[in-house]
Every structure is written in C-alpha cells, then in structure tokens.
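Residue numbers (our numbering), protein chains in the order written: chain B, 13 to 185; chain A, 13 to 465.
Don't be surprised by glycine CBs; every beta carbon is placed ideally from N, CA and C.
The model shown is predicted, which means the values in this text are computed figures rather than measured ones.
Below is one structure; the comments refer to it alone.
Take a look at the structure:
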C-alpha cells in the first residue's frame, strides 16, 4: 500500500513539519551557549530540507526525527560558528539521509551521527566535501563488504585510510 | 423496517479484495458515509501512531527513518493483520462497529493473536495433509506436500510482514484464484488440499496411478490436479452405469457417452452431470458436508468444459482414457477341464493330504486347466493361509484370471466385501504384494476374455 501521493492513509506532511520546527527552536536553549541558534524561519527551512532530502532519498520519517539529535551532537564542534551554522546543518542533513541509504540501514542513527561528528571535527577539519567524498564513502564501501564498524576506535579510520592508500599504490606499481 | 435497515449493510466483504481488505473496507465505508470524516481521521491518526511504533520496533529504536518501501510493507502488515481479524467477524456491521469503537492498536493486537492461532492450526493441518497424501508418482504433488510448505512455517514473519508467504507451492489445486496472501493463502491451500486428498482416498491408489499413467507418459513431471482427473472419470463411470470407483474409461466408453450427450441440450447436459455427481457422492459415502460441497462445486465447474468437449466431439480430451494398447482385450484359451470323476478324486486327495507341500505339488502336477484351478479353489481343498501359499506359487496370468473371475461378481474388486474363503484370502494376498504387481494383475483382469480351445 502507498503511504504517499494522496493515498487515504498518507502521512499528513504539514502536521509533522510544525512539530519538528517547534522542537528545533526549543533546542536553542542547549546550543546558544556555543553561540549557535536557529530562528523559526531557519528551523522551518531545515525541516523543509529534511523533507526534501527524505523524498529524494526515498525515505520516510516520523516526528522530528534526527534533526534535534543532529543539532545537539554538533553543537560543540570547533568548526561550527554563527556564520556557517544554518548552511552546515542543512548540508549535514543531506549527508545523513544519503548515507543511511548507502550504509543500507546497517548503521543506527546515533552511530552515523557520531561517525559524522568524529570525521567533521578531526580528519575532515570541518570540510563537508571531504567528509562526503572520502571518509563516509570509504566507510560505506566497507560496510557493504560486511565490515563491522562497531568495534572501531581512534585508529580505525586511519587504518582504513592507510589500507586504501596502500591498495592505490599497489595498483600504480 | 428501521431495524432491518440497521442490520443490513451495503458493504459486501466477500466482494472486497482479499489482499487489501481493510483499505477497501474503509474506503467503501467512507464512500457510503458509514464512516464520518471525524471517525476516518481518528482511524488515520491511530494507524500512523501504530506505524510509528512498528517502525521503531522494526529498527529496534535505532533509526527514526526507513526506506519508503519498508514503511509501506510495515503499513501493509498492519493493515493485513487488522483486516485478517475483521474478516473473522464475518458480519460487516460488526466490522464497522469494531473500527469505530475499538482502538486501532487493540484491533492490531487481536489480529496478531488471531494470526498466530491460524498459523498453529495450519501447521497441524499440514501434518494431516501429509498423513492423507496419496502415494502416487507426481513430483509437484509430492514435493509441495513434503518440502514445499514447510519453509512458510520456518520463515513466516507474522510480526512485521504477515502478508508474505515463503514456500515452494507448485502443485495446483482444482480451483485456486490465488487472491489471498500470507497465512490466509496457506490456510486456504491446506484446507483445499486436504479435501481433495480425502476425496481421492476413496479410490484405490493403484487406480489413480494408472489414471496418471494414462494421462501422460510423463505425468510425474506435469503440473496437473489429480483430484480433477479422478473426479471426471468417476462421474463418467456413473454416467456409464458403473461404480464411480472404477476409474478406467476406454475409447469405446467415450463413444457411448458422446452418443448419450449428443441428443441433449445444454441444460440437460448440466442436469445429467450434476445428477451423476450427486449419485457419485452417495455411492462413495461422502458424508462430510464440506467434502460434499467441494466435490459438487467442482463438478459444477466442469460443465462448460464438458459442453465444449461434447460439441467438438473430444470427450477423449475431457476424460483420461485408457491407452489404446492397454485397452485391447486379452483372449485366453482354456484347456479342456478334467472329467468329473477324475476331478472328484483329485479334490479328495488334496483334502486328505496333511502337508501343505503335498497339496501344492498335486495342484502343480495334476491341474491343467483354469476351470479346474477355480474348481479346486471353490472345493474347500485349502484352508486359511494355505490359499496364500497357493497364490504365491501362481504366475501373473493365473492370478489375473482369478481376479477376472471375481470381476464377474463385482467390478469394484479391491474394495468390495467378499464372503468366500478363497476370495478373502485372494484379497489378502493382493494387499501383501507390491503396487506394480497388483496393478498389473488388476489391469490385465479387466481385459481378459476367456474362450475354450
């Protein structure tokens, strides 16, 4: 049965969006001490981005979903500040749902968010492009090949990256 | 008048799509204003809340989003479960009341409970199907029963995807619209297979095997419904004024039936067919009403095909006809029997022998004609198990001749009740030998014509 496209039991999008916007604005209480806040308009835009990405990625979500978690997890990032806050959050939302699919739903929301935070703050130094094109793609490939990412530690990504570089060198030889 | 209107419902559950029953029921109710806007919204909100919970459970709380396909399948599972429960209530008024008055989540719980009980019932039914399975040579039939249905029970995910049904169900039922899914379909399939097995069990397995062999050389590989083959020939036997248990239909029989039907119009053919079907159920002793109903409905389903066959003079295609070479009669030329005096002396000598081996030696050396052999059998020269020892010494032809004698009395030889000792012991002997040997004896017996040299 279809849940969208005007089916009798399709999820009322407006209902869900209002609730999510309200929850994001409430999060300002936890993020303002880092100099990061969202206006109601920015929060609504973030929710809209979320809805759009969900639709593009063929996913469905109830309630606020991961938006509040995303905001709370990234609030203390050294690479987030007032000028890039809204844009970065929007980009992170896009990445999140894209990689949920790439990881074939084998990674939980929390783990993916923590992964993204780790990459963003360390190896990628705040670069969304590096996070998307290098770190998360590598992880996605490994997960598709059945690698257990749960047991990773600090050296995990370094080793992963190292192995990939070694393979590339071997191919060049 | 008001009570009558209140108790009748314009919604006819039997006409709704089985797979999407609940969705169609609600839509119909909305169209007919049996559900108000407020009531519909209420159901919608409760459903969404339940879906959210199911998604949470499915993802173990680890993901707030799922792929649309997954959510749709989970939603389908909810609808299937609630729909399955509502269908069990039978009356549409009751279904509507439940939808309006009982929380959706509660309906879902009731549905899950009911699903589980149906799965358990189906598992038991599968066992019964296995116990009543025919021992015939058809791969689809055997594989489906022995191996094809088990995977469903092993992998059935009634919690999240009750609408799915794994399994390898190749054997075709007589009538299967395949319009239901999940446990509903499995339950339907097993019920019908069991009824068909019960009907076929009224016949000798050898005769059914012969029927299959006559249908096609490679009948083992065919996807054919055995019940239908048996039903057609059994009804045809009744039309030919024979016992329905006699499944052999020969080319000559087809010509007789064709002549019989040619003079009848469509209505008359229908009436004749159904009358014969009823007679068949009575003669076979089908006392179970469900079995009777199934068989008679199946017979009704044959009418169009029969009319077509009569019109095109192709009854040989409608029925399963004995192969030409098997149908040819066997002529047996008997020798001159012994003179009365010599025969009397022989029977006295056999009776007075103490050792069984002596009796058998006398028969072997002195009996030269089949008529004399039958005389010895009927003359109480042997007792009880001694007959069995004698039969074991005889060849296929002699045994076929004895069987043909019995056929003169009753052409349902395997299932008739015999009262003479030599007959009782002969049946006992037949029951003790291999299927193939027994089939050969009985098939040959029907073709034998005796003549004196």
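Interface flag, residue i vs chain B, CB-CB below 7 Å
i: residue 175/A; result: no
i: residue 31/A; result: no
i: residue 94/A; result: no
i: residue 64/A; result: yes
i: residue 76/A; result: yes
i: residue 284/A; result: no
i: residue 12/A; result: Outside the shown range of chain A, which is 13 to 465, sits residue 12/A, and nothing can be said about it.
i: residue 79/A; result: yes
i: residue 125/A; result: no
i: residue 83/A; result: yes
Minimum Cβ-Cβ distance from residue i to chain A less than 7 Å
i: residue 56/B; result: no
i: residue 70/B; result: yes
i: residue 85/B; result: no
i: residue 138/B; result: no
i: residue 47/B; result: no
i: residue 17/B; result: At residue 17/B the pLDDT is 42, less than 50, meaning the model places this residue with poor confidence and gives no usable figure here.
i: residue 115/B; result: no
i: residue 77/B; result: yes
i: residue 74/B; result: yes
i: residue 121/B; result: yes
Spatially closest choice to residue i from the options, by CA coordinates
i: residue 64/A; options: 54/A, 52/A, 86/A; result: 86/A
i: residue 134/A; options: 302/A, 204/A, 190/A, 224/A; result: 204/A
i: residue 151/B; options: 132/B, 134/B, 141/B, 111/B; result: 111/B
i: residue 60/A; options: 120/A, 32/A, 455/A; result: 120/A
i: residue 146/A; options: 99/A, 51/A, 242/A, 174/A; result: 242/A
i: residue 113/B; options: 80/A, 310/A, 213/A, 301/A; result: 80/A
i: residue 303/A; options: 397/A, 206/A, 161/A; result: 206/A
i: residue 333/A; options: 261/A, 455/A, 125/A, 389/A; result: 261/A
i: residue 63/B; options: 33/B, 148/B, 40/B; result: 33/B
i: residue 440/A; options: 29/A, 396/A, 223/A, 359/A; result: 396/A
i: residue 402/A; options: 432/A, 429/A, 370/A, 383/A; result: 370/A
i: residue 103/A; options: 407/A, 24/A, 56/A; result: 24/A
i: residue 208/A; options: 56/A, 271/A, 305/A, 108/A; result: 305/A
i: residue 381/A; options: 351/A, 325/A, 347/A; result: 347/A
i: residue 84/B; options: 139/B, 138/B, 131/B, 35/B; result: 35/B
i: residue 378/A; options: 437/A, 58/A, 356/A; result: 356/A
i: residue 131/A; options: 113/A, 140/A, 168/A; result: 168/A
i: residue 12/A; options: 418/A, 240/A, 275/A, 368/A; result: The structure shown does not extend to residue 12/A, since chain A is modelled only from 13 through 465, so no value can be given for it.
i: residue 148/A; options: 353/A, 224/A, 434/A; result: 224/A
i: residue 394/A; options: 411/A, 360/A, 419/A; result: 360/A
i: residue 140/A; options: 210/A, 234/A, 54/A, 231/A; result: 210/A
Contact check, residue i vs residue j, beta carbons under 7 Å
i: residue 164/A; j: residue 178/A; result: yes
i: residue 34/A; j: residue 95/A; result: yes
i: residue 152/A; j: residue 183/A; result: yes
i: residue 335/A; j: residue 226/A; result: yes
i: residue 250/A; j: residue 288/A; result: yes
i: residue 416/A; j: residue 391/A; result: no
i: residue 161/A; j: residue 138/A; result: yes
i: residue 342/A; j: residue 460/A; result: yes
i: residue 218/A; j: residue 450/A; result: yes
i: residue 285/A; j: residue 327/A; result: no
i: residue 192/A; j: residue 30/A; result: yes
i: residue 102/B; j: residue 61/B; result: yes
i: residue 120/B; j: residue 74/A; result: yes
i: residue 71/B; j: residue 46/B; result: no
i: residue 77/A; j: residue 73/B; result: yes
i: residue 252/A; j: residue 233/A; result: no
Identity of the residues DSSP links to residue i by a beta bridge
i: residue 72/B; result: 78/A
i: residue 379/A; result: Answer is none; residue 379/A lacks a bridge partner.
i: residue 261/A; result: 333/A
Cβ distance (whole Å) where residue i is taken to contact residue j below 8 Å
i: residue 257/A; j: residue 215/A; result: 6 Å
i: residue 100/A; j: residue 126/A; result: 6 Å
i: residue 100/B; j: residue 92/B; result: 6 Å
i: residue 445/A; j: residue 408/A; result: In fact, because the Cβ distance is near 11 Å, the residues do not count as touching under 8 Å.
i: residue 362/A; j: residue 388/A; result: 7 Å
i: residue 67/A; j: residue 83/A; result: 6 Å
i: residue 115/B; j: residue 124/B; result: 7 Å
i: residue 36/A; j: residue 46/A; result: Rounded, the Cβ-Cβ distance is 13 Å, inconsistent with contact.
i: residue 92/A; j: residue 175/A; result: 4 Å
i: residue 135/B; j: residue 149/B; result: Going by Cβ atoms, the distance from residue 135/B to residue 149/B rounds to 13 Å, so no, they are not a contact pair.
Cβ-heavy atom distance, residue i to the ligand HEM, below 6 Å
i: residue 245/A; result: Absent from the structure shown: the ligand HEM. Ligands present: none.
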